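In the working numbering, the protein residues as written are 41 to 287.
Think of the CB as a built atom: it goes at the ideal place given N, C-alpha and C, for glycine as much as any other residue.
Computed from a predicted model, the values in this text were never measured in an experiment.
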Ligand code: GDP
């Protein structure tokens with residue numbers, strides 16, 4: 041049963057110490073509007089009726105049975121966008137406390153994919169010595185006609201225009217933006233102010249995730265598609281690292 045929680049802290053459970061912990065903190069990262077709260081709710085099984093009652097809650101606890109063994113995840117939905125000139129303690133805290141990270145973008149918003157790349161880089165620099173599971177998630181996979189980020193790198197130039205208007209604009213030509221992360225080989229473009237190469241037309245999420253050593257999955261929080269698989273995958277990744285430390 042889902043048990044939403046109202047608070048969380050780095051002392052509550054889990055650590056990178058390598059000891060078996062019954063509970064792991066999984067932090068959701070990503071731009072506003074990509075579906076982090078929807079994924080957290082889908083994970084926790086919160087019905088729409090309950091959402092109002094739980095307004096302000098930031099973490100959801102649930103025990104999953106994966107491969108015959110139970111593990112409790114505390115899914116933290118507290119990430120806030122950066123505001124100009126604002127103290128970033130809260131963001132740093134989020135990047136420090138997770139035992140695993142789910143970086144979410146929307147497949148209908150290429151900008152959110154680029155933000156996901158930046159978040160991966162921030163995480164890497166902040167948790168350098170640690171091998172923490174990171175899952176890249178392309179959410180809103182149900183919005184197929186509005187797709188701006190491809191999975192396998194197939195060109196979306198022959199993208200069939202939607203019959204009804206999409207909630208977000210579909211680019212007429214593929215965006216050519218400076219690469220800031222997943223699209224380029226590690227280190228590309230970051231030496232001595234060299235201009236990074238442009239992203240390939242419409243990024244290739246799976247290849248980029250591989251390059252940055254993340255797992256990748258597409259989900260639809262709206263249709264509950266792949267949500268269970270996502271969090272089961274997080275559990276498996278956590279266990280793999282635990283086994284590695286024990287070996
Ligand atoms: P957050 O700001 O990242 O927490 O995003 P929310 O969970 O609040 O979702 C933002 C909007 O996207 C809401 O209107 C959701 O109903 C919608 N949304 C979230 N996930 C999906 C999805 O998988 N498919 C569709 N079609 N809409 C979604």
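In DSSP terms, what residue i is bridged to
i           : result
residue 139 : DSSP, once it has assigned bridges, lists no residue as partnering residue 139.
residue 336 : Nothing about residue 336 can be reported from this structure: the residues present for the chain run from 41 to 287 only.
residue 36  : In the structure as shown, the chain begins at 41 and stops at 287. Residue 36 is therefore absent and cannot be evaluated.
residue 172 : Paired residues: none, contrary to the question.
residue 120 : Per DSSP, none; premise fails for residue 120.
DSSP-derived helix/strand/coil call for residue i
i           : result
residue 259 : coil
residue 246 : helix
residue 276 : helix
residue 151 : helix
residue 161 : helix
residue 115 : strand
residue 270 : helix
residue 215 : Bear in mind that a pLDDT of 43 at residue 215, under 50, signals an unreliable position, so the model cannot answer this.
residue 183 : coil
residue 283 : helix
residue 230 : The predicted model places residue 230 with a pLDDT of 43, which falls under 50 and marks its position as unreliable; any figure quoted below should be read in that light. Three-state DSSP puts residue 230 in coil, outside helix and strand.
Residue i, enclosing beta strand (DSSP E) - first and last residue
i          : result
residue 99 : 99–106
residue 63 : 63–69
residue 73 : Unbroken run through residue 73: none, as it is neither H nor E.
Buried versus exposed, by CB contacts within 10 Å (16 or more), residue i
i           : result
residue 72  : exposed
residue 155 : buried
residue 129 : exposed
residue 132 : exposed
residue 68  : buried
residue 149 : buried
residue 113 : buried
Host alpha helix (DSSP H) of residue i (start-end)
i          : result
residue 81 : 76–84
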